[in-house]
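Asks: Have a look at the structure that comes next, please.
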Ligand SMILES: Cc1ncc(COP(=O)(O)O)c(C=O)c1O
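Laid out in structure tokens, this is it:
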């Protein structure tokens, strides 16, 4: 039997190439992976201890209501506990939101160059994705999005990753205010995906928490995968009014957050020192990248996240392969319509230096 045509038309999401696979294929002893926007630091001892403790109980099902995690996240973000739902990564929450609030024939709206998870989730339930064009500086065109909302009643949800992956760009408070003058009055949801919010340095960034107090139709996505360093644990967070949480909860699998992940997340939220360390490493690493990319005269887009996108000026797939041979894994972003660009995550200082020296060798020697 054939799959549904929309599904056949999807390209599988390309995760960053694993270190082990690259070592095996190329016979390399040392490989630097800067391809998945992960935290450069391994888990702290606090997190490891929490996981070890939770291991004693893995013959039991996890707490489906995530009681302790809920309390910890509510305290961390200063939101009521019934405004929270957890997902097996925030990508699971995107899936559920689209299932709950859209039906075949409806549309979601996002921008070209936006994180691809929304399009995949929508397509999987036969919901169309409308895209606005990126502005020349790779930022979202919120004015065009507002216009589309005015004219297309099929749009039920807008997905706005801010800052965006893979561009690292963001939209400002002023742009968002203007957009919400239109979107805030409509019977739709505006989903702000703030996976990288902790890394933002821009002064005019619109933190979704502030806007959620003013607009009832804003839903917020956060994740434990980035600054908190728990990408493999898969803990995504939805912050939304209780009536939305109630609906999502009806579809969510009862044990979607395993008990090791719950324990790790509680410990990570309590480890402010580790979090500050990751932030500092990231900002220092970004500044180092900017300096080196400037020296090599590459065009890049200043980033509010933990990675930077730069233009290799050549086919990025070829450059990716040349860098692989040097033991450096970056991420080509051709599926986003950017065939000459590579995305480079911030790692530890020696990893960043290895990436830069490989780029210099491959592209500038
Ligand atoms: C914008 C954005 N949102 C969400 C995610 C996914 O996060 P999670 O690991 O919670 O599924 C990513 C991961 O790269 C991302 O870039």
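Residue numbers (the working numbering): 677 to 1041. Where is the CB? At the ideal position from N, CA and C, for every residue including glycine.
1) Please confirm whether any heavy atom of ligand 1 lies closer than 8 Å to the CB of residue 941.
2) Can you give the Cα-Cα distance for residue 1031 and residue 1004, rounded to whole angstroms?
3) Buried or exposed: where does residue 789 fall if 16 or more other Cβ atoms within 10 Å of its Cβ makes it buried?
4) Where do the N-terminal and C-terminal ends of the alpha helix (DSSP H) with residue 753 fall, by residue?
5) Residue 743 and residue 786: beta carbons closer than 9 Å?
6) Should residue 872 and residue 841 be called a contact, given that it needs their Cβ atoms to be closer than 9 Å?
7) DSSP state of residue 806, grouped into three classes?
8) From this set, 938, 797, 783, which residue's C-alpha is nearest residue 741's C-alpha?
9) Could you tell me which whole alpha helix (DSSP H) segments of length 4 or greater appear in the region 783 to 827?
10) Can you tell me which of the three DSSP states residue 929 falls into?
11) Can you grab the Cα-Cα spacing for the pair residue 730 / residue 998, in whole Å?
12) Just to confirm the assignment, what range does the alpha helix (DSSP H) spanning residue 966 have?
13) If the criterion is Cβ atoms closer than 9 Å, does the pair residue 796 and residue 825 meet it?
14) Is the beta carbon of residue 761 closer than 9 Å to that of residue 1022?
15) Report the rounded CA-to-CA distance for residue 914 versus residue 896, giving the unit in angstroms.
16) Evaluate the contact criterion for the region 953 to 972 versus the region 749 to 766: three or more CB pairs, one atom per stretch, below 8 Å.
17) Mind checking who residue 759 pairs with in its DSSP beta bridge?
18) From residue 929 to residue 1002, what distance separates their C-alpha atoms?
Replies: Taking the structure as given:
1) no
2) Whole-angstrom Cα-Cα distance: 6 Å.
3) buried
4) For residue 753, the enclosing alpha helix (DSSP H) has its first and last residue at 743 to 753.
5) no
6) Their beta carbons are under 9 Å apart, which means residue 872 touches residue 841 by this criterion.
7) strand
8) 938
9) 793 to 800, 818 to 827
10) coil
11) Between residue 730 and residue 998, the C-alpha separation is close to 43 Å.
12) 948 to 971
13) no
14) No, the Cβ-Cβ distance between residue 1022 and residue 761 is not below 9 Å.
15) 6 Å
16) no
17) Answer is none; residue 759 lacks a bridge partner.
18) When only Cα atoms are considered, residue 929 and residue 1002 end up about 43 Å apart.
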